[in-house]
Amino acid sequence: MALLPPRWRLVLIVLVAFCLPILSGVAWLFLTGSFDRVHGLIPQGSVALKNWRFLWEAVGGRPPIRVPLVNSIIFSIVVSTSVVLISSMAAYAISRMSFPGRRMYLGLVLVLHAFPAVSLLIAIFYILRRLGLFDTLLGVILVKTTLELPLGIWLMKGFFDFLSWEMEMAALVDGMSRWTLFRKIALPLVRPGLLALWTFSLLSAWGEFILPFTFIVSSQNFTMAMYLQTFLSEAFADFGMLAAVGVFYALPVVVLFMIGQRFLLNIYSGGVKG
Amino acid sequence: MRRYAAPLLFLLPATVLIVLFFVVPVGMTLYLSFTDMSTLTFRNPKWVGMGNYPTLLRDPFIGKILLNTVRYVSLTLLFNVGMGLALALFSSSVRERWANQVRAVWLLPRILPPVVYVLIWHGLTREAPFGLVSDITGISQNWITGRPWTVLVLANGLVGASFGMLIFSSAIKSISQDLFYAAAVDGATTVQTVRRVVLPMLRWPILFVTAYQTLSLLTSFEYILLLTDGGPGFYTTTVWALHAYKLALSNYFGNVQFGLGAAMAAFLVVIGVIVSLIYLRIFNFRELVAEPKVEVN
Numbered sequence: 001m002a003l004l005p006p007r008w009r010l011v012l013i014v015l016v017a018f019c020l021p022i023l024s025g026v027a028w029l030f031l032t033g034s035f036d037r038v039h040g041l042i043p044q045g046s047v048a049l050k051n052w053r054f055l056w057e058a059v060g061g062r063p064p065i066r067v068p069l070v071n072s073i074i075f076s077i078v079v080s081t082s083v084v085l086i087s088s089m090a091a092y093a094i095s096r097m098s099f100p101g102r103r104m105y106l107g108l109v110l111v112l113h114a115f116p117a118v119s120l121l122i123a124i125f126y127i128l129r130r131l132g133l134f135d136t137l138l139g140v141i142l143v144k145t146t147l148e149l150p151l152g153i154w155l156m157k158g159f160f161d162f163l164s165w166e167m168e169m170a171a172l173v174d175g176m177s178r179w180t181l182f183r184k185i186a187l188p189l190v191r192p193g194l195l196a197l198w199t200f201s202l203l204s205a206w207g208e209f210i211l212p213f214t215f216i217v218s219s220q221n222f223t224m225a226m227y228l229q230t231f232l233s234e235a236f237a238d239f240g241m242l243a244a245v246g247v248f249y250a251l252p253v254v255v256l257f258m259i260g261q262r263f264l265l266n267i268y269s270g271g272v273k274g
Numbered sequence: 001m002r003r004y005a006a007p008l009l010f011l012l013p014a015t016v017l018i019v020l021f022f023v024v025p026v027g028m029t030l031y032l033s034f035t036d037m038s039t040l041t042f043r044n045p046k047w048v049g050m051g052n053y054p055t056l057l058r059d060p061f062i063g064k065i066l067l068n069t070v071r072y073v074s075l076t077l078l079f080n081v082g083m084g085l086a087l088a089l090f091s092s093s094v095r096e097r098w099a100n101q102v103r104a105v106w107l108l109p110r111i112l113p114p115v116v117y118v119l120i121w122h123g124l125t126r127e128a129p130f131g132l133v134s135d136i137t138g139i140s141q142n143w144i145t146g147r148p149w150t151v152l153v154l155a156n157g158l159v160g161a162s163f164g165m166l167i168f169s170s171a172i173k174s175i176s177q178d179l180f181y182a183a184a185v186d187g188a189t190t191v192q193t194v195r196r197v198v199l200p201m202l203r204w205p206i207l208f209v210t211a212y213q214t215l216s217l218l219t220s221f222e223y224i225l226l227l228t229d230g231g232p233g234f235y236t237t238t239v240w241a242l243h244a245y246k247l248a249l250s251n252y253f254g255n256v257q258f259g260l261g262a263a264m265a266a267f268l269v270v271i272g273v274i275v276s277l278i279y280l281r282i283f284n285f286r287e288l289v290a291e292p293k294v295e296v297n
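Note that the protein sequences, when read in sequence, are chains A and B. Read in order, the letters of the first sequence are residues 1 to 274 in the working numbering. Read in order, the letters of the second sequence are residues 1 to 297 in the working numbering.
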């Protein structure tokens, strides 16, 4: 506790006022998803189950909800798992092995961490077309994984640097291979880091909009973000159903955030969104 | 050579992906910007050299887009840093338990999927009797078409402020307790302590957040695309990055102008490369970005 002025309760009231717009936004989402109509934040009419009919029927030419749902689940799990695996391998090499160009590699990772990747979308579009990966889930998975790598490598390097050398030395002397050592000794020791990075990438991939929106066109490959966006872009949007889809889509995020809040706070200070 | 087999293997997957989707695209953006590639000429584009750049300058809207970009970046930045600072100072002045609750609430906009976050904005800014903003102000209008810039800056700001909030909060936390004791012994009020002790210590973090967010705001357009789509009307809220994206990737005028869009993006890519190289030199990234993440429980 750095500062604790005598009248800190007054400050708390100001802070609560700061939080009100955000909290009322979330409240609006839940209320509008549940009721017939909502004026401001006051529900009118009765609880409306019809807002949720997207769960059991296809709405207005869109694919049934399970298509984007399954795609989003595959997308975010594959992305987060690949990010954790690939970046911890690279981070381990950077942290523990000596090879020519090691400093440069580290510098590259750092520069990429600050580099705004959205400016590359046009070129990436061209590359995906050339590779035949345009309009495939695999293509978007590869791109998203890559964009998360600089943060992941940097984060995991910090964790590996933190480990003491002795156990690994002993294992090496006993003739264990680098790969077995990495899998059996190093990885289990950095489990908190792996979990934090995995959760972070999972949340980031689950919410990802601009990549699938740009690189996927056929509705069989839609993700949840795109599915929701099709409702939003309608001229006369049905806000009841929009909000219900929004709640359905955002609920896992909110739950996961509440569970992992404490260690996620640390990662977000190194995050990449403006 | 065998000595390096292990590091090579460990680095292989990361390197392939980074080369394919980071390094090659940087070069590719520059290459495409020198061609006339469009939907019609996708298979065999013609080399036009610097030809795209005069075309860009002749665009009657380019001045407006440039102004919009400056406006968007500076206003959002002002809100982000100011609000981030206010949140960090205030939340550091209350008991830890409350501080964490407040910070968690302000992280929500960042955690929510962007489409859901924007959907909430669309809902709150509707006409009366539905929209909360119309209800409170008593002025019934669609605020996104009525006051697009205000909505745009606030919507981006509520997401962006949490970055500064987290960095500044951990910087305040790391200020030596002795300084606060010394200030208290000298009879400094809280306001004086903040002005004379805390703020001077925050100089580098503030500079860092400003620099980092300038670059990411310059290239970001996701929320603009979802909120106003560059409108209402002609280019009212179109920024540089959005225009480049639309030229190259969305069916704006029927024929997608890939080369022209790439020429616009090339500006951003070059700025991005130069600025992030400068960061590496000026800021000790190690301390500013990485340290707080190493907190193992």
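Ideal placement from N, C-alpha and C gives every residue a C-beta, glycine not left out.
Specify, as a first and last residue, the run of the alpha helix (DSSP H) that residue 229 of chain A falls within. Translated into positions along the first sequence, residue 229 of chain A becomes position 229. Taken as a continuous stretch (DSSP letters only), the alpha helix (DSSP H) holding residue 229 of chain A covers 224-232.
Proximal residues, the segment 229-260 of chain B versus chain A, C-beta separation under 8 angstroms: The residues in question are 241, 244, 245, 248, 249 and 258.
Give me the Cα-Cα distance between residue 4 of chain B and residue 118 of chain A, rounded to the nearest whole angstrom. For the purposes of this step, residue 4 of chain B is taken as the residue at position 4 of the second sequence. For the purposes of this step, residue 118 of chain A is taken as the residue at position 118 of the first sequence. Rounded to the nearest whole angstrom, the C-alpha separation of residue 4 of chain B and residue 118 of chain A is 34 angstroms.
In terms of residue numbering, what span does the beta strand (DSSP E) encompassing residue 48 of chain B cover? Taking the first residue of the second sequence as position 1, residue 48 of chain B is located at position 48. From DSSP, residue 48 of chain B is part of no beta strand (DSSP E); its letter is neither H nor E.
Residues from the segment 209-226 of chain B in contact with chain A, defined by Cβ distance under 8 angstroms: Under the 8 angstroms Cβ criterion, the segment 209-226 of chain B contributes 212, 213, 215, 216, 217, 218, 219, 220, 221, 222, 225 and 226.
Any beta carbon from chain B within less than 8 angstroms of residue 218 of chain A's own beta carbon? Residue 218 of chain A sits at position 218 when you count from the first residue of the first sequence. It does not: the Cβ of residue 218 of chain A has no partner Cβ on chain B nearer than 8 angstroms.
Specify, as a first and last residue, the run of the alpha helix (DSSP H) that residue 13 of chain B falls within. On the second sequence, residue 13 of chain B is found 13 positions in, with the first residue counted as 1. Taken as a continuous stretch (DSSP letters only), the alpha helix (DSSP H) holding residue 13 of chain B covers 5-18.
Coil, strand or helix - residue 239 of chain B by DSSP: For this step, residue 239 of chain B is matched to residue 239 along the second sequence. It is coil, neither helix nor strand.
What does the alpha-carbon distance come out to for the pair residue 191 of chain B and residue 77 of chain A? Locating residue 191 of chain B in the second sequence gives position 191, where the first residue counts as 1. Locating residue 77 of chain A in the first sequence gives position 77, where the first residue counts as 1. Near 48 angstroms, if we compare the C-alpha coordinates of residue 77 of chain A and residue 191 of chain B.
Once the 5 residues before and after residue 28 of chain A are set aside, which same chain residues still bring their CB inside 8 angstroms of it? For the purposes of this step, residue 28 of chain A is taken as the residue at position 28 of the first sequence. Taken in chain order, the residues that qualify are 38, 41 and 243.
Is the separation between the beta-carbon of residue 272 of chain B and that of residue 219 of chain B shorter than 8 angstroms? By 1-based counting over the second sequence, the position of residue 272 of chain B is 272. By 1-based counting over the second sequence, the position of residue 219 of chain B is 219. Yes.
Consider the Cβ of residue 18 of chain B: report whether some Cβ of chain A lies at a distance smaller than 8 angstroms. Taking the second sequence and counting its residues from 1, one reaches residue 18 of chain B at position 18. True, the Cβ-Cβ gap to chain A drops below 8 angstroms.
If you reduce the DSSP assignment to three classes, tell me which class residue 135 of chain B lands in. The residue labelled residue 135 of chain B in the question sits at position 135 within the second sequence. Helix at residue 135 of chain B.
Mind checking whether residue 87 of chain B and residue 155 of chain B have CB atoms under 8 angstroms apart? The residue given as residue 87 of chain B occupies position 87 in the second sequence. The residue given as residue 155 of chain B occupies position 155 in the second sequence. No, Cβ-Cβ distance for residue 87 of chain B and residue 155 of chain B is not below 8 angstroms.
With a CB to CB cut of under 6 angstroms and the five nearest residues on each side skipped, what residues in its chain are close to residue 158 of chain B? Translated into positions along the second sequence, residue 158 of chain B becomes position 158. Contacts found: 109.
Which residue spans inside the segment 151-204 of chain B form an unbroken alpha helix (DSSP H) run of at least 4? 177-185 and 190-193
Quick one: what does DSSP say residue 35 of chain A is sitting in, helix, strand or coil? Position 35 of the first sequence, counting from 1, holds the residue named residue 35 of chain A. In this structure, residue 35 of chain A counts as strand in the three-state DSSP scheme.
I want to see whether chain A comes within less than 8 angstroms of residue 139 of chain B, judged by CB atoms only; does it? Against the second sequence, residue 139 of chain B aligns to sequence position 139. Taking Cβ atoms only, chain A never reaches closer than 8 angstroms to residue 139 of chain B, which makes this a no.
Please confirm whether residue 137 of chain A and residue 221 of chain A have their CB atoms less than 8 angstroms apart. Numbered from its first residue, the first sequence carries residue 137 of chain A at position 137. Numbered from its first residue, the first sequence carries residue 221 of chain A at position 221. Against a cut-off of 8 angstroms, the Cβ pair of residue 221 of chain A and residue 137 of chain A comes out as a contact.
Going by DSSP, what residues sit across from residue 213 of chain B in a beta bridge? Translated into positions along the second sequence, residue 213 of chain B becomes position 213. Answer is none; residue 213 of chain B lacks a bridge partner.
So within the segment 51-117 of chain B, which uninterrupted beta strand (DSSP E) runs reach at least 3 residues, ignoring any that extend past its ends? none
Under a Cβ-count criterion, where at least 16 other Cβ atoms within 10 Å of its own Cβ denotes burial, should residue 111 of chain B be classed as buried or exposed? As a working mapping, residue 111 of chain B is identified with position 111 in the second sequence. It counts as buried.
Quick check: what's the CA-CA separation for residue 142 of chain B versus residue 57 of chain B? Looking up residue 142 of chain B in the second sequence gives position 142. Looking up residue 57 of chain B in the second sequence gives position 57. Between residue 142 of chain B and residue 57 of chain B, the C-alpha separation is close to 34 angstroms.
Is residue 50 of chain B close to chain A? Criterion is C-beta to C-beta, closer than 8 angstroms. Along the second sequence, read from residue 1 onward, the residue named residue 50 of chain B stands at position 50. It does not: the Cβ of residue 50 of chain B has no partner Cβ on chain A nearer than 8 angstroms.
Inter-stretch contact (C-beta, 8 angstroms, three-pair minimum) for the segment 138-158 of chain A and the segment 107-115 of chain A: yes
Give me the chain B residues within the contact set of residue 14 of chain A, using Cβ-Cβ distance strictly less than 8 angstroms, ordered along the chain. By one-based count along the first sequence, residue 14 of chain A stands at place 14. In chain order, 90 make up the part of chain B whose C-beta sits under 8 angstroms from the C-beta of residue 14 of chain A.
So what does DSSP say about residue 254 of chain A, is it helix, strand or coil? Counting from one through the first sequence, the residue named residue 254 of chain A turns up at place 254. In the structure shown, residue 254 of chain A sits in a helix (DSSP, three-state: H, G or I).
In the DSSP assignment, find the unbroken beta strand (DSSP E) run with residue 47 of chain A in it and report its ends. The count along the first sequence starts at 1 and reaches residue 47 of chain A at position 47. Taken as a continuous stretch (DSSP letters only), the beta strand (DSSP E) holding residue 47 of chain A covers 42-47.
In chain B, which residues lie less than 8 angstroms from residue 86 of chain A when you measure between Cβ atoms? Translated into positions along the first sequence, residue 86 of chain A becomes position 86. Neighbours of residue 86 of chain A on chain B, chain order: 13, 14 and 17.
Check the Cβ-Cβ distances between residue 178 of chain B and every residue of chain A, and say whether any is below 8 angstroms. Reading the second sequence from its first residue, position 178 is the one you call residue 178 of chain B. So, not an interface residue.
Residue interval of the alpha helix (DSSP H) (run including residue 273 of chain B): Against the second sequence, residue 273 of chain B aligns to sequence position 273. Where residue 273 of chain B is concerned, the enclosing alpha helix (DSSP H) stretches over 258-282.
List, in order along the chain, the chain A residues whose C-beta lies closer than 9 angstroms to that of residue 104 of chain B? By 1-based counting over the second sequence, the position of residue 104 of chain B is 104. Simply 257, 258, 261 and 265.
Just the Cα atoms here: how many angstroms apart are residue 221 of chain B and residue 241 of chain B? Within the second sequence, residue 221 of chain B is the residue found at index 221, counting from 1. Within the second sequence, residue 241 of chain B is the residue found at index 241, counting from 1. Whole-angstrom Cα-Cα distance: 6 angstroms.
Over what stretch of residues does the alpha helix (DSSP H) that includes residue 123 of chain A continue unbroken? Position 123 of the first sequence, counted from the first residue, corresponds to residue 123 of chain A. Residues 121-131.
Assuming the contact rule is C-beta atoms closer than 8 angstroms, residue 253 of chain A and residue 211 of chain A should be a hit. Round their C-beta distance to whole Å, please. As a working mapping, residue 253 of chain A is identified with position 253 in the first sequence. As a working mapping, residue 211 of chain A is identified with position 211 in the first sequence. Actually they are not in contact, since the Cβ atoms of residue 253 of chain A and residue 211 of chain A sit about 17 angstroms apart, beyond 8 angstroms.
From residue 167 of chain B to residue 213 of chain A, what does the alpha carbon distance come to, in whole angstroms? Taking the first residue of the second sequence as position 1, residue 167 of chain B is located at position 167. Taking the first residue of the first sequence as position 1, residue 213 of chain A is located at position 213. Roughly 31 angstroms between the two C-alpha positions.
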